[in-house]
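Inspection log for the structure reproduced underneath, given as structure tokens.
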Amino acid sequence: MPDERHDSEKVAGVLLSRGYRQVESPESASLVLYNTCSIREKAAQKVFSRLGEFRVKQNEGRIIGVLGCVAQQEGEDIFERAPWVSLVCGSASYRKLPELLAQVEAGNQRVTGLDTDTDETFETEMTRRDNPWRAYLTIIEGCDKACSYCVVPYTRGPERSRASDAILREVRQLAELGYSEVQLLGQTVNSYKDPTARGMRFSELLLAVADEPGIRRVRFTTSHPSDFTRDIVDAIDAQTKLCNHVHLPVQSGSTRVLRAMQRTYSREEYLEKIALIRSAMRPISITTDIIVGFPGETEEGLRETLSLLDAVQYDGIFSFKYSPRPHTPSLAMSDAISEEEKSRRLAMLQEKQREIQTRKHAALVGETFEILVSGKSRRENQWSGHTTCHRVINFSSQEPALLGKYVRVQVTGATPNCLVGEQAP
Ligand code: SAM
Ligand code: SF4
């Protein structure tokens, strides 16, 4: 999940700027920060068992901290259950990390950063980035929607957009460092509201980011259907540096289930957004997230989700079994669906999508795409990378040193999950 991974990068940046150095393993570290995510899984339990392993390290004089959703959710209880932890900090308080670390370094045993009612966004002078070509950049934090299954509003606090000039300055720096692709991040990235007098709309910000010298690709995720407007499609049409891919989570194809999920749109309204995207002059690939087995989802509800896949013909889906999360309204809903039944529904959904992807990918054989090479296989002359529409292509090329370059690749074969090809002359 880019958001959590990017958080780890930002925290690493804060630590580097405080003079910490990254080491290869927790064994050789003097400070261990454990970043956690509780979106879907029963993560808290896992975290406590991992923390058990860290206990020995604390005895050896190391500082142990817990960050992220589980930190936010469990709060000071962590100190009770794992007294060897000395720092608990939720993502809305990362900005205060240098200060909190200073307290821990000064010998303070129970340091917390758990506010979620902050207006601030997490701006760091320095972020350590793991992918040398694609930089992730958070433009809006938290979430003001209230989906009944979701812990994000609780763990990450209310929506806060970053100032457009700060974002553009950072993009400029990233381009100077050699990044050619940026991915703008936010739980509802397209709800972006520039807090400065400039008052840039999200689509204007996309165009301004694309205009920065050195930037060749701009991505954004995750878009919320209710805030997805025509000007975003117009921007993608007007500027080819904006990648032709939209991730637009639907969650369910049934209006009744969507209402129970408090998703703020109906099936028909969602399909209108799809029609908007399909009306673009260049083909835009569309991916989505779907939850099966939400409380009260009937066989008919599931059928509606399956028929939505037929109607939309997604290029990819991320599908999940509903998992009750703490502090969410759906926790109290009746009509729970058994795990076995959820698994059956998930399998049906994935089988349908597999058929769709098999067909769609087969139709791409013979086409040529520009890809940014980001992986090198252990097998000789084998490389991989993404198209602008975010498809992965594994391809062969006789050229050496392709990592980070843009090359044209012709598709020669397809599986449901990826494409294979050869570098085009
Ligand atoms: N903000 C985005 C949105 O509105 O779709 C994404 C939020 S979440 C980080 C990513 C995905 O996890 C969601 O789209 C949803 O499909 C899934 N998810 C979130 N909470 C869940 C839960 N309680 N059970 C199962 N899946 C969940
Ligand atoms: Fe969660 Fe809904 Fe906000 Fe996405 S829009 S982060 S699913 S509350």
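Last residue of the sequence shown: 507 (the working numbering), numbering continuous.
Positions of the beta carbon are idealized from the N, C-alpha and C atoms, including for glycine.
Remember, it's a predicted structure, so these values are computed and weren't measured experimentally.
Please report the distance separating the alpha-carbon of Ser425 from that of Tyr396. By one-based count along the sequence shown, residue 425 stands at place 343. By one-based count along the sequence shown, residue 396 stands at place 314. When rounded, the distance between both Cα atoms is 21 Å.
Where does Glu449 sit, in a helix, a strand or coil, going by DSSP? Counting from 1 along the sequence shown, the entry for residue 449 is found at position 367. DSSP places Glu449 in coil when its eight states are reduced to three.
Cβ of Asp371 within 7 Å of any heavy atom in ligand 1? Along the sequence shown, one-based indexing puts residue 371 at 289. Result yes, Cβ under 7 Å from ligand 1.
Pick out whichever of Val502, Leu169, Gly503 and Lys487 has its Cα sitting closest to the Cα of Arg216. Stepping through the sequence shown from its first residue, residue 216 is reached at position 134. It is Lys487 whose Cα lies nearest to the Cα of Arg216.
For a test of the three-state rule: what should DSSP assign to Ala496, helix, strand or coil? The residue labelled residue 496 in the question sits at position 414 within the sequence shown. DSSP places Ala496 in strand when its eight states are reduced to three.
Residue ranges of each beta strand (DSSP E) within the stretch 426 to 475, 3 or longer: 450 to 458 and 464 to 469
Endpoints, beta strand (DSSP E) assigned at Lys403: On the sequence shown, position 321 is the one that residue 403 refers to. Unbroken beta strand (DSSP E) run through Lys403: Gly398 to Lys403.
Give a single yes or no on whether His306 has its beta carbon closer than 7 Å to a heavy atom of ligand 4. Looking at this structure, you won't find ligand 4 anywhere; what it does contain is ligand 1 and ligand 2.
Other residues of its chain near Met83: CB distance less than 8 Å, five sequence neighbours each side excluded: As a first step, residue 83 is located in the sequence shown; it is residue number 1 there, counting from the start. Any reading at Met83 must be qualified, since the residue scores a pLDDT of 48, below 50, and its modelled position is unreliable; no value is offered.
Take Glu135 and list the residues in its own chain whose beta-carbon comes closer than 6 Å to its own, dropping the five residues that flank it on each side. As a working note, residue 135 is residue 53 in the sequence shown. So the list is empty, once near-sequence residues are dropped.
Could I get the ranges of all uninterrupted beta strand (DSSP E) runs contained in the stretch 306 to 350, with 3 residues as the minimum, in chain order? 327 to 329
Test item: CB-CB of Leu219 and Val148 under 8 Å: Numbered from its first residue, the sequence shown carries residue 219 at position 137. Numbered from its first residue, the sequence shown carries residue 148 at position 66. Contact: no.
I'd like to know whether the C-beta atoms of Met343 and Gly378 end up nearer to each other than 8 Å. Reading the sequence shown from its first residue, position 261 is the one you call residue 343. Reading the sequence shown from its first residue, position 296 is the one you call residue 378. No, they are not a contact pair.
Out of curiosity, what's the CA-to-CA distance linking Ile372 and Leu388? Mapped onto the sequence shown, residue 372 falls at position 290. Mapped onto the sequence shown, residue 388 falls at position 306. Each residue's alpha carbon lies about 10 Å from the other.
Measuring straight from C-alpha to C-alpha, what distance separates Gln464 and Val170? Taking the sequence shown and counting its residues from 1, the one referred to as residue 464 is at position 382. Taking the sequence shown and counting its residues from 1, the one referred to as residue 170 is at position 88. Computed Cα separation, rounded: 44 Å.
Alpha-carbon to alpha-carbon, Gly383 and Glu258: Residue mapping note: residue 258 aligns to position 176 of the sequence shown, counting from 1. Residue mapping note: residue 383 aligns to position 301 of the sequence shown, counting from 1. Computed Cα separation, rounded: 50 Å.
For Gly394, which three-state DSSP category applies? Here residue 394 is taken as the residue at index 312 of the sequence shown, counted from 1. According to the sequence displayed, residue 394 carries Val and not Gly. Val394 falls in the helix class under three-state DSSP.
Reduced DSSP secondary structure (H/G/I, E/B, other) of Ile366: Taking the sequence shown and counting its residues from 1, one reaches residue 366 at position 284. Three-state DSSP puts Ile366 in coil, outside helix and strand.
Closer than 7 Å: Ile356 CB and nearest ligand 1 heavy atom: By 1-based counting over the sequence shown, the position of residue 356 is 274. No, ligand 1 has no heavy atom inside 7 Å of this Cβ.
Measuring only the C-alpha atoms, how far is Arg364 from Phe302? Against the sequence shown, residue 364 aligns to sequence position 282. Against the sequence shown, residue 302 aligns to sequence position 220. Spanning the two alpha carbons is a distance of roughly 17 Å.
Between the stretch 268 to 285 and the stretch 434 to 452, do three or more beta carbon pairs fall short of 8 Å? no
Compare the beta carbon distance of Ala111 and Arg132 with 8 Å and say whether it is the shorter of the two. As a position in the sequence shown, residue 111 is number 29, starting the count at 1. As a position in the sequence shown, residue 132 is number 50, starting the count at 1. No, these two residues do not count as a Cβ contact at 8 Å.
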